[in-house]
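The C-terminal residue of the sequence shown carries number 208 in full-length UniProt numbering, and the numbering is unbroken.
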Amino acid sequence: MALADTFKRVGLMGGTFDPIHYGHLVTAEAARCEFNLDKVIFIPSGQPPHKKDYEVTSAEHRYRMTVLATASNPYFEVSRIEIDRPGLSYTVDTVSEYRRLWGPEPEIYFITGADAILEILHWKDVDILLTRCHFIAATRPGFPLARLEEVKPRLPQDAEQRIHLLEVPALAISSTDIRRRVREGKSIKYLLPEPVEEYIREQGLYRE
């Protein structure tokens, strides 16, 4: 049975997830509800194209933490599509691969932060990407929407209609802060799901 026979709209949420936390989960659930998504697939990045200012944790650890974090939500699943693909992880390649696997349906909604949308003109093959999926740009209260308006006129024709804003609660949680807290021996309780917290402790992650 083709996926389109079961699902009409699927969300893709890519990220380093180093580690995944409640901010990611709240955003994914808000997108699912607001845009009537049948499923949200979390995609831990393999080799991110943009150099990080720290050494990214191994893909296997990040994949396992994402599985643990999403296990309680039947609408969430985790994909290895980027982890198992050699080379750099580009959004256009991932979306194109899913489109090839699924055919013209279901509709694909790529969930990302509004800050990322501001940089979308610099993404690989953005003109192709914007024909193959919609974008859900998650914003926090107080986000300067005027900055998005400045980008829209420079997008490919009709692309503006494929970018949708989603306001989510302002959760002051970041993976960077969680890594710092672990390194400094501080509590990370209530910042991420308990199974992920236990995994970080058992595996000795982020201590250095």
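Glycine included, C-beta positions come from ideal geometry on N, C-alpha and C.
Residue i vs residue j beta-carbon contact at 7 Å
i, j, result
"residue 30", "residue 136", "no"
"residue 20", "residue 65", "yes"
"residue 40", "residue 28", "yes"
"residue 63", "residue 44", "yes"
"residue 109", "residue 11", "yes"
"residue 160", "residue 139", "no"
"residue 82", "residue 46", "yes"
"residue 13", "residue 42", "yes"
Outcome for residue i when other beta-carbon atoms lying within 10 angstroms are tallied against a minimum of 16
i, result
"residue 129", "buried"
"residue 94", "buried"
"residue 71", "exposed"
"residue 172", "exposed"
"residue 24", "buried"
"residue 202", "exposed"
"residue 104", "exposed"
"residue 1", "Here residue 1 scores only 40 on pLDDT, less than 50, and its place in the model is too uncertain to base an answer on."
"residue 193", "buried"
"residue 205", "buried"
"residue 191", "buried"
"residue 54", "exposed"
Residue i - DSSP class collapsed to helix/strand/coil
i, result
"residue 9", "strand"
"residue 39", "strand"
"residue 153", "helix"
"residue 103", "coil"
"residue 21", "coil"
"residue 98", "helix"
"residue 200", "helix"
"residue 206", "coil"
"residue 109", "strand"
"residue 173", "coil"
"residue 44", "strand"
"residue 146", "helix"
"residue 167", "strand"
"residue 59", "helix"
"residue 211", "An answer regarding residue 211 cannot be provided, because it is not within the stretch 1 to 208 covered by the chain."
"residue 188", "coil"
"residue 71", "coil"
Rounded Cβ spacing between residue i and residue j (contact assumed at less than 8 Å)
i, j, result
"residue 7", "residue 38", "4 Å"
"residue 170", "residue 141", "5 Å"
"residue 88", "residue 196", "The Cβ separation is near 26 Å, so there is no contact."
"residue 134", "residue 107", "7 Å"
"residue 118", "residue 148", "7 Å"
* **Cβ contact (3+ pairs, closer than 8 Å) linking the region 174-194 and the region 143-157** => Contact between the region 174-194 and the region 143-157 is absent: fewer than three C-beta pairs spanning the two stretches fall below 8 Å.
* To do: May I ask you to verify whether the region 77-94 touches the region 119-129, counting CB pairs closer than 8 Å and requiring at least 3?
  => The answer is yes - the region 119-129 touches the region 77-94, with three or more Cβ pairs under 8 Å.
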